[in-house]
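The next block holds one structure in the form of structure tokens; read it before the comments.
Pasting the structure below:
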């Protein structure tokens, strides 16, 4: 079994390496993750540090590589910390979608009598846009990373349920699952030992789809004042602040927008390549 897993892992890595778009996506993700994780070490200033004497500095100004905003805050430092916040919200959203959506998808796909119940729950959740949920959470608990992550995670649970349900329906008719039934294996053992490991590829690919949507969602919520709250840095907050001064300078809004685009592009390219590499038909 170990040798077979090693062969599969090696084949998947070779397919990813020979996919140019996958390599580009992986490099972008590596840069973004390094920027987010090591933001406290890479940022030249605190993201909230104000320089009243140097507002609206242009990029490549001495001491301010990407310029400053209306309060003289360093744009590079705020982009690094904003990227960190976006990755945190995305990771928490994916974790919530996986923890809730995977078990419900397994149950719905394996037991048909639960399928109707779980599917209706998913339909009800899809009927509530995440903005409505975010407004409710912000009204109760205020804004913040936690509430943004919960709203975005709940919004992505129905999609994860449907993906896992479809994989479970497909896998439970496989020969190895039917053989486990003939050996009187319990449903828990079949789900945990046979179906879930074989559905991991679809779950991982779906996680790479949820991540960029969560990053965009966090930017939208922060832009509207429902997500991360000032003075904590956020790419969405930077865009919201920059729109007031577009006729004076565009740079405070360009760089956070580019950061959001690079994060989403990296996850989308790598997710597509990972899907192709894990596809048994290829």
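Numbering (UniProt numbering), first residue to last: 1 to 282. By construction, the Cβ of each residue, glycine as well, lies at the ideal position given by its N, Cα and C atoms.
1. Residue 187 by DSSP, collapsed to three states: which one?
2. Per DSSP, what kind of secondary structure is residue 15 in: helix, strand or coil?
3. What beta strand (DSSP E) runs, 3 residues minimum, are completely inside the stretch 206–271?
4. Please classify residue 178 as buried or exposed, where buried requires at least 16 other C-beta atoms within 10 Å of its C-beta.
5. Is the separation between the beta-carbon of residue 210 and that of residue 236 shorter than 8 Å?
6. Under 7 Å Cβ to Cβ from residue 56, same chain only, skipping five residues before and after it: list those, please.
7. Count the C-beta pairs between the stretch 255–266 and the stretch 78–98 that are closer than 8 Å, then say yes if the count reaches three, no if not.
8. Put residue 123 into one of helix, strand or coil per three-state DSSP.
9. Residue 68 by DSSP, collapsed to three states: which one?
10. Determine the extent of the alpha helix (DSSP H) in which residue 75 is found, giving its start and end residues.
11. Given a cut-off of 8 Å, decide if residue 76 and residue 44 are closer than it, judged by their beta-carbon atoms.
12. Using 8 Å for Cβ pairs, my map puts residue 137 next to residue 150. What's the rounded Cβ distance?
13. Would you kindly work out how many angstroms separate the C-alpha atoms of residue 269 and residue 24, rounded to a whole number?
14. Considering only their Cβ atoms, is the gap separating residue 21 from residue 272 smaller than 8 Å?
15. Assign residue 61 to one of three DSSP states: helix, strand, or coil.
16. Could you check the C-alpha separation between residue 246 and residue 238 for me, to the nearest Å?
17. Three or more C-beta pairs under 8 Å: does that hold for the stretch 187–196 against the stretch 143–162?
18. Give me the residue from 165, 26, 82 and 255 with the minimum Cα distance to residue 227.
19. Quick one: what does DSSP say residue 51 is sitting in, helix, strand or coil?
20. Closer than 7 Å to a non-hydrogen atom of the ligand NAP - does that hold for the CB of residue 20?
21. Terminal residues of the continuous alpha helix (DSSP H) containing residue 43?
22. Is residue 42 closer than 8 Å to residue 266 when the C-beta atoms are compared?
23. Let me confirm a value: residue 206 is counted as buried when at least 16 other C-beta atoms fall within 10 Å, else exposed. Which label applies?
24. Measuring alpha carbon to alpha carbon, tell me which of 252, 185 and 125 ends up nearest residue 65.
25. Could you tell me which of 72, 243 and 231 sits nearest to residue 58, measuring between CA atoms?
26. Span of the alpha helix (DSSP H) holding residue 176?
27. Would you mind reading off the limits of the alpha helix (DSSP H) that contains residue 195?
28. Using only CA atoms, which one of 223, 167, 15 and 232 lies nearest to residue 243?
This is what the structure holds:
1. DSSP places residue 187 in helix when its eight states are reduced to three.
2. Residue state, collapsed to three classes: helix.
3. Assignment of beta strand (DSSP E) within the stretch 206–271, counting only whole runs of 3 or more residues, yields no such run.
4. Exposed, since its Cβ has fewer than 16 Cβ neighbours within 10 Å.
5. In this structure, residue 210 keeps its C-beta atom at 8 Å or more from the C-beta atom of residue 236.
6. For residue 56, where only same-chain residues beyond five positions count, the Cβ hits under 7 Å are 68, 70, 248 and 249.
7. Flag = yes, the stretch 255–266 and the stretch 78–98 touch.
8. DSSP, read as helix, strand or coil, puts residue 123 in helix.
9. In the structure shown, residue 68 adopts extended strand secondary structure according to DSSP, grouped into three states.
10. That run of the alpha helix (DSSP H) goes 75–110.
11. Their beta carbons are under 8 Å apart, which means residue 44 touches residue 76 by this criterion.
12. Indeed, because the Cβ distance is near 6 Å, the residues count as touching under 8 Å.
13. In a straight line, the C-alpha of residue 269 is about 7 Å away from that of residue 24.
14. If you check the CB distance, residue 272 and residue 21 come in under 8 Å.
15. If DSSP states are grouped into helix, strand and coil, residue 61 belongs with the strands.
16. Taking the straight line from one Cα to the other gives about 12 Å.
17. The answer is no - the stretch 143–162 does not touch the stretch 187–196, with fewer than three Cβ pairs under 8 Å.
18. Of the candidates 165, 26, 82 and 255, the one whose C-alpha sits nearest the C-alpha of residue 227 is 82.
19. In the three-state reduction of the DSSP assignment, residue 51 falls in the coil class, being assigned neither a helical nor a strand state.
20. Questions concerning the ligand NAP fall outside what the structure shown contains, since it holds no ligand whatsoever.
21. Looking at the DSSP string, residue 43 is not in any alpha helix (DSSP H), and its letter there is neither H nor E.
22. Their beta carbons are not under 8 Å apart, which means residue 266 does not touch residue 42 by this criterion.
23. Around the CB of residue 206, 16 or more other CB atoms lie within 10 Å, so the residue is classed as buried.
24. Taking only the C-alpha atoms, the option nearest residue 65 is 252.
25. Distances from the CA of residue 58 to each of 72, 243 and 231 were compared; the closest alpha carbon is that of 72.
26. Per DSSP, residue 176 belongs to the alpha helix (DSSP H) from 175–182.
27. It is not in any alpha helix (DSSP H) - residue 195 carries neither H nor E in the DSSP assignment.
28. It is 223.
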